[in-house]
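Down below is the structure, laid out as structure tokens.
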Amino acid sequence: MFIDNREYIKALDAAGELVTINQEVDWDLEAGAIVRKVCEEKGPSPLMNKIKDYPGHRYFGAPLASYRKLAISLGLPPESSIPEIAAVYLERTNKEPVKPVLVDKSKAPCKENIFIGDKADMLELLPAPMVHEGDGGRYLSTWHFIVTKDPDNGDVNWGMYRQMVYDGKTMTGNLLPFSDGGKVFHGKYKPAGKAMPFATVIGPDPISAIAASAPAPMPETDFAGMLMGKPIELVKCETVDLEVPAHAEIIIEGEILPDVSLEEGPFGEYTGYRTSPRDFRQVYRVKAITFRNDPITTISNMGVPTDEGQLLRSFSLGLEMDKLLRSQGIPITGVYMMPESTHHLVIVGVKPIYTNIAAQIAQTVFGSKLGPWFHMVVVVDDKCDIYNFNEVLHALTTKCHPINGIHIWQGVGTPLYPFLSAAERTNSVGPKVLFDCTFPLNWDPMSEVPSLVSFKTVYPKEIQEKVLANWKNYGFKS
Amino acid sequence: MFKYDVYINSLADLPEEKEIKLSVRDLTPGKQRYAYKHVMAKVSADADKYPDKLQVRFGRGQIHSQPYSIQVMKEVSIIPERWL
Ligand SMILES: Cc1cc2nc3c(=O)[nH]c(=O)nc-3n(C[C@H](O)[C@H](O)[C@H](O)COP(=O)(O)O)c2cc1C
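So the sequence lines, in the order shown, correspond to chains A and B.
Counting in the numbering used here, the final residue of the first sequence is number 1334, and the numbers go up one at a time with none missing.
Counting in the numbering used here, the final residue of the second sequence is number 93, and the numbers go up one at a time with none missing.
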């Protein structure tokens, strides 16, 4: 596993998943356009070594926007299948939490350059990219995380919450109230009129980024340690009582103001649209900036599929649902959330042993902490391969009864849903739908249930074997 | 001559030829490009009326086809003293 992005970049290069760009790239749209095209073509990650106006700085784009890169980041062969990657993720994150360790400043590369107070000016020091034309500002934080602490119990949270550079000393962001960081800010610091200390980590190692973007059921420090198989090394911040990964590229320290809001957005979002209009949102004031020599700013470019937000959020949301449903004793065969759906659609396979099991599944996942982020649940039976979209689509269009099989609810939803009205968005309203693609259990299997007509289901075993054994002899190539 | 832009929800947010408070972005090329400034200013839909250029955008980034002009009277501080 990789202690930092630099080791990970080398592994991507060795696997043919990196393009090194040595000609100058403009931070103003050009870098963003490169990363966008890479996402849309599922291409290798660009490492840009020369950034206009910011000598010595580098960009690393689309760090994890494919299953191949995800496999590499977890130390698996690049060609691992999605179920193989999922099995490793589940195996590692079902073990005991692995607590982080604190290292001395002298062993922390993120302290190689330190700027405090007036000298900590983001516009002067850091090449925040203008990611998409029309964005409300330069988004420095697109593949990063923000470290905060619960003032009551000291629980640490790492959350990936976007940040826009407002001026040299100020960022604004959209800290949604149902995120873990949002709950502590909106529920504790803000009512007490206290500023919330934060540290933004830009260019974290790939595992820490995966942990921060996951709906982890524990402090992400420990969750990252479980995925990494060893403790994450942290170092103390300069100006706030927080710890950050010692091997990260760039750290920005400061506080979120409880009683000031400033304009943020619009921004090209993971749904593939610029949905949230410009609005007054949270204000981050900067106290210190530290970074490694030749620092590498990570860029994720959210838009139409597939970017790393869509891929990893789908991956981790789906697998946390898997754990949740199994913990309730529901006999699921697996859960797959499709990145192409911008993590809005999840497919759940189940052994339908009792009536209405699909509704129980949907209510459990919609009612959980994971619920605000997706709104479509497709439940298929255990004969359908949840990873095979053709099979799932066939089940959806042939087994889901348009009146009896589609159920709708009103729940909590992200304001980023493009289909919501302005009023729904303001009130976190999230409409939900279940597509039950299982045949009713009270149908007689012998006389009422339609039988599936496929090579595997309608031919006797000996015929199948004979045909397979003779396939090449018939003249077929494979 | 400077060039700024401003995001609005509707043109009613941009009354012409009277002093209004605006958040504008500085579009001067270089490291400070896109930094926000809070200003007292006058604006006009006549692109030549005031000394500086103003591009108008709507809430989701769409550019208004009509170029405006702006006269910045003064910059105002927006973050309360206690947080500076
Ligand atoms: C690239 C990216 C950007 C995100 N931006 C935000 C954001 O601005 N605000 C937010 O509340 N969630 C955002 N999210 C979703 C959170 O990262 C996600 O909810 C994550 O689980 C946060 O951890 P938490 O469960 O500790 O809140 C973003 C996710 C990704 C991948």
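Positions of the beta carbon are idealized from the N, C-alpha and C atoms, including for glycine.
None of these values were measured; they are calculated from a predicted model.
Report yes or no: is there a C-beta of chain B within less than 8 angstroms of the C-beta of residue 1116(A)? yes
Span of the alpha helix (DSSP H) holding residue 1000(A)? Where residue 1000(A) is concerned, there is no enclosing alpha helix (DSSP H), although the beta strand (DSSP E) it sits in stretches over 1000–1005.
Nearest candidate by alpha-carbon position, reference residue 1156(A), set 910(A), 944(A) and 987(A): 987(A)
Using a threshold of 7 angstroms, is the CB atom of residue 915(A) nearer than that to any non-hydrogen atom of ligand 1? no
Taking the beta strand (DSSP E) that residue 916(A) belongs to, which residues open and close that run? Residues 914–917.
What residues in its chain sit with their C-beta under 6 angstroms from that of residue 936(A), if we drop five residues either side in the sequence? Annotation for residue 936(A): 927 place their beta carbon closer than 6 angstroms to its own, counting only its chain and skipping 5 residues before and after.
Residue closest to residue 957(A), alpha-carbon to alpha-carbon, out of 1152(A), 1092(A) and 1254(A): If we check each option's Cα against that of residue 957(A), 1092(A) comes out closest.
Write down the C-beta distance between residue 898(A) and residue 1198(A) rounded to the nearest angstrom, noting that I regard them as a contact closer than 8 angstroms. That pair is no contact at about 15 angstroms.
Boundaries of the alpha helix (DSSP H) in which residue 1131(A) is found, first to last residue: Here residue 1131(A) belongs to no alpha helix (DSSP H), and DSSP marks it neither H nor E.
Spatial neighbours of residue 905(A) within its chain, please: CB distance less than 7 angstroms, with the 5 preceding and 5 following residues excluded, ordered by chain position. Within the same chain, and ignoring the five residues on either side of residue 905(A) in sequence, the residues whose Cβ sits closer than 7 angstroms to its Cβ are 876, 877, 878 and 914.
In or out: residue 1176(A) buried (at least 16 other Cβ within 10 Å) or exposed? buried
Residue 991(A) beta carbon near ligand 1 (any heavy atom closer than 7 angstroms): no
Check whether the Cβ of residue 1052(A) lies closer than 8 angstroms to any Cβ atom in chain B. no
Under a three-way DSSP split, which group does residue 1221(A) fall into? Residue 1221(A) falls in the helix class under three-state DSSP.
Residue 89(B) versus chain A: which residues are under 7 angstroms apart at the beta carbon? 1116
If we cut at 8 angstroms on Cβ distances, does residue 77(B) have a partner in chain A? Closer than 8 angstroms: no.
How many Å lie between residue 949(A) and residue 918(A) at the Cα? Spanning the two alpha carbons is a distance of roughly 25 angstroms.
How would you call residue 1115(A), buried or exposed, if buried means at least 16 neighbouring beta carbons within 10 angstroms? exposed
Figure out for me which residue from 1067(A), 1200(A) and 912(A) has the closest Cα to the Cα of residue 1082(A). 1067(A)
Name the residues in the stretch 21–44 of chain B whose C-beta lies less than 9 angstroms from a C-beta of chain A; which are they? 32, 34, 38, 39, 40, 41, 42, 43 and 44
I'd like to know whether the C-beta atoms of residue 44(B) and residue 1024(A) end up nearer to each other than 8 angstroms. Contact: yes.
When you compare the stretch 1031–1041 of chain A with the stretch 1285–1297 of chain A, are there three or more beta-carbon pairs, one atom per stretch, that lie closer than 8 angstroms? no
How is residue 994(A) classed by DSSP in three states: helix, strand or coil? strand
Neighbour-count burial assignment, residue 1337(A), 16 or more Cβ in a 10 Å radius: With chain A covering only 857 through 1334, there is no way to say anything about residue 1337(A).
At a threshold of 7 angstroms, does residue 1070(A) count as lining ligand 1 (C-beta to nearest heavy atom)? yes
Check each residue of the stretch 1116–1143 of chain A: if its Cβ is closer than 8 angstroms to any Cβ of chain B, include it; give the result in chain order. 1116, 1118, 1119, 1122, 1130, 1131, 1133, 1134, 1139 and 1141
Which ranges would you report for the beta strand (DSSP E) in the stretch 1226–1259 of chain A if only whole runs of at least 3 residues count? Listed in chain order, the complete beta strand (DSSP E) runs (minimum 3 residues) inside the stretch 1226–1259 of chain A are 1232–1237.
Buried versus exposed call for residue 845(A) [16 or more other C-beta atoms within 10 Å across all chains shown]: Residue 845(A) lies beyond the range of chain A shown here (857 to 1334); nothing can be said about it.
Between residue 1078(A) and ligand 1, is there a pair consisting of the residue's CB and a ligand heavy atom that are separated by less than 7 angstroms? no
Close-in-space but distant-in-sequence residues of the same chain around residue 945(A) (CB under 6 angstroms, 5 per side omitted): Here the set comprises 1175.
Figure out for me which residue from 87(B), 72(B), 92(B) and 37(B) has the closest Cα to the Cα of residue 19(B). 72(B)
Can you pull the chain B neighbours of residue 994(A), defined as C-beta to C-beta under 7 angstroms? 43
Put residue 1206(A) into one of helix, strand or coil per three-state DSSP. Shown here, residue 1206(A) sits in a strand according to DSSP, grouped into three states.
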